[in-house]
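Student: This is the structure I want to talk about, given as structure tokens.
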Amino acid sequence: MTTVYCTEGGARLDVFLADETELTRSHIKRLIDTGKVFVGGEAATKAGRTVKTGDEVAFDDIEETEEVLKEDIPLDVLYEDDDVAVINKQRGLVVHPGAGNRTGTLVNALKFRYGDKLSSAYGAVRAGIVHRLDKDTTGLIVVARNDFSHAELSKQFAARTVKKLYRAIVDGNFKDDSGTVENNIGRDKHNRLKMAVVPDGRHAATRYNVLERYKGNCYAEFELLTGRTHQIRVHCAYLGHPVSCDALYGGSMRLGAGGQLLHSRSITFCHPRDGREMSFTAGEPKDFTAALAALRGTSAI
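Reminder that position 143 of the sequence shown reads as 135 in the numbering used here, one-by-one numbering, no gaps.
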């Protein structure tokens, strides 16, 4: 059984699950029709029912019958104790197993390092995973090492008290030095691999602050005020300034990185056991700093 938590209500059940998982809406409807989806412990009967903030949505997942292999994949661990770990994720590392990625993921690496001492709230294939980063987004991710910690961290994410700051290089220059983008995000109707700004999507808000400007790019910091899939990438593309080297959303590849130049640079949260505030920062990876060095060798605006 896999469980996900609704941090902002108002969406249809099938839309919510499609956004939070890799499942298609047709697959989700089949699960609902066969009594395999539960909201607050009760079987859901309608795909169109509205989920509310704080709802616990669980569903039977066939992947739970599959063994998650332990793999000795190098991890940059910034902090670990019996309750949490903070990992600086490298580019190219998928967070958890899924279609086409059964091995070589962060969860496989976590299973090797911690064995069964990981939370199981989201199921075996998402052991320890409280939030996610895209495959080619680098930087900080918090791991829950038991179910108590998972529940406490999930409450913080739901209440939006976890502060996450990202850095990115984008194509072109934002018109303003700072601002907030608020546009609904949902699944792209023409390409299921993408998200898009759509009128019937879920509310999404991103705050940005330009750090450096160059003739063809700018370097900016972003704060997520909501947590939608691909949120920064979608909002930047919508503004006409996609994240550089983000092929999926139209970013220019001229800076030569192996994926989008987007980095989860800092995270602040309260320790789930004793409540003390914890803050971590991780510098950008080598290809990101190389791109910055190349830009800094050009003329700034």
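Every residue gets a Cβ at the ideal spot worked out from N, C-alpha and C, and that includes glycine.
A quick note: this is a predicted structure, and the numbers were derived from the prediction, not measured.
Tell me the DSSP secondary structure of residue 68 in three-state form.
Tutor: Strand, per DSSP.
Student: Would you call residue 44 buried or exposed, if buried means 16 or more other Cβ atoms sit within 10 Å of its Cβ?
Tutor: So residue 44 ends up on the exposed side.
Student: Less than 6 Å between C-beta atoms, sequence neighbours within five positions excluded: which residues of the same chain meet that for residue 129?
Tutor: So the list reads 254, once near-sequence residues are dropped.
Student: Who are the Cβ neighbours of residue 193 in its own chain at under 7 Å, not counting the five residues just before and after it?
Tutor: Answer for residue 193: 176, 177 and 178, listed in chain order.
Student: Excluding the 5 residues flanking residue 47 on each side, which residues of the same chain have their C-beta closer than 8 Å to its C-beta?
Tutor: Closer than 8 Å at Cβ, skipping near neighbours: -3, -2, 1, 31 and 32.
Student: Between the C-alpha atoms of residue 9 and residue 70, what's the straight-line distance to the nearest angstrom?
Tutor: In a straight line, the C-alpha of residue 9 is about 31 Å away from that of residue 70.
Student: Quick one: Cα of residue 61 to Cα of residue 219, how far?
Tutor: Cα to Cα, residue 61 sits roughly 29 Å from residue 219.
Student: Could you check what DSSP says for residue 140 in three-state terms: helix, strand or coil?
Tutor: Correct three-state label for residue 140: helix.
Student: Would you check whether the ligand PLP has a heavy atom nearer than 7 Å to the C-beta of residue 120?
Tutor: With respect to small molecules bound, the structure shown includes none, and the ligand PLP cannot be examined in it.
Student: Can residue 260 and residue 155 be called in contact, C-beta distance under 8 Å?
Tutor: Contact flag set, yes.
Student: Taking buried to mean at least 16 other C-beta atoms within 10 Å of its own C-beta, is residue 88 buried or exposed?
Tutor: Its Cβ being crowded by 16 or more others within 10 Å, residue 88 is buried.
Student: Could you give the distance in angstroms between the alpha-carbon of residue 123 and the alpha-carbon of residue 146?
Tutor: So the two alpha carbons sit approximately 9 Å from each other.
Student: Can you have a look at residue 191 and say buried or exposed, based on whether 16 or more other CB atoms are within 10 angstroms of its CB?
Tutor: The residue in question, residue 191, is exposed, as its Cβ has fewer than 16 Cβ neighbours within 10 Å.
Student: Of all the beta strand (DSSP E) runs that stay within the bounds of the segment 141 to 186, which reach a length of 3 or more residues?
Tutor: Here the runs fully enclosed are 155 to 163, 170 to 174 and 177 to 179.
Student: Do you know how far the Cα of residue 125 is from the Cα of residue 183?
Tutor: One C-alpha to the other measures close to 20 Å.
Student: What would DSSP say about residue 130, mapped onto helix, strand or coil?
Tutor: Residue 130: strand per DSSP, three-state reduction.
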